[in-house]
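Notes for the one structure printed next.
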Amino acid sequence: MNEIIDEMGNDHISSSANNPIREDAFELTEKEKIDLIEKDFSNILHTLGMDLNDDSLKGTPLRVAKMFVKEIFGGLSPERKPKLSTFDNNYKYGEMLVEKNITLYSTCEHHLLPIVGKAHVAYISKGKVIGLSKMNRIVEYYAKRPQVQERLNMQIVQALQEALGTEDVACIIDAKHLCVNSRGVSDTASSTVTSEFGGKFKEESVKRELLDYIQLDTKFE
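According to the working numbering, the sequence shown is numbered sequentially starting from 400.
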């Protein structure tokens with residue numbers, strides 16, 4: 400059984416399209432979670448043989464606990480989900496809108512090592528439009544949790560489909576996984592590309608148009 404679990408983790412296989420979150424996940428306050436994680440991480444460092452009396456390490460367990468709860472795993476909290484306010488498409492723009500090269504920082508749920516890359520998000524309005532920064536924020540929200548890249552694509556697309564009232568949403572992610580680059584096979588050159596296409600983006604011509612936009616060499620000085 401342990402060999403199967405290890406194999407799933409090393410091959411980055413997801414068990415669900417949703418993050419595996421317990422029903423009681425939000426019964427503790429952020430402060431209570433930080434206190435518990437601080438103690439647990441102190442035990443980890445102690446077990447590894449680190450001297451927690453050293454000035455450089457004294458504050459590390461608390462810093463890590465705050466980082467886990469408030470920053471890199473802050474997307475686990477429903478309270479942190481950005482409000483996706485939409486507006487009527489009064490100017491009747493009917494072509495696709497693409498927000499490309501959205502900086503993405505996430506964490507692999509199998510080894511808790513960083514995922515670093517870019518997300519490209521697009522939609523075609525069916526009467527509603529959304530602020531550009533909201534697209535960045537929804538990527539950030541779902542990225543800030545232990546993740547599997549394929550699941551992240553799906554969550555971004557589903558959130559925007561719900562907000563915009565259209566199936567015509569797509570997301571492409573190109574990212575480096577440090578669990579591949581810095582351990583295991585230690586392949587420093589590889590990156591992982593995943594995609595989720597909804598509605599019209601499943602059509603070959605529309606998909607090709609999106610890929611052409613993404614490949615545009617946009618440099619600003």
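In this text, a Cβ means the ideal position worked out from N, Cα and C, and glycines have one as well.
Classified as exposed, D616 has fewer than 16 neighbouring CB atoms from the shown chains inside 10 Å of its CB.
As for any beta strand (DSSP E) of minimum length 3 sitting wholly inside the stretch 430-500, the runs are 485-487, ordered along the chain.
Nearest C-alpha to E595 among H576, R544, S589 and I572: I572.
Per DSSP, the unbroken alpha helix (DSSP H) holding V556 starts and ends at Q548 to L563. Secondary-structure assignment with DSSP links E595 through a beta bridge to C570. DSSP, reduced to helix, strand and coil, places V515 within a strand of the structure shown. Residue L563 holds the alpha-carbon nearest to the alpha-carbon of G530 among K517, G516, L563 and L512. Take the alpha-carbon of N488 and the one of L444: they are about 54 Å apart.
Nearest in C-alpha terms to H509, of all of A518, V547, S524 and S476, is V547.
In this structure, the CA atom of N535 is about 18 Å from the CA atom of L609.
Between G448 and L435, the alpha-carbon positions lie close to 20 Å from each other.
For A521, the three-state secondary structure derived from DSSP is strand.
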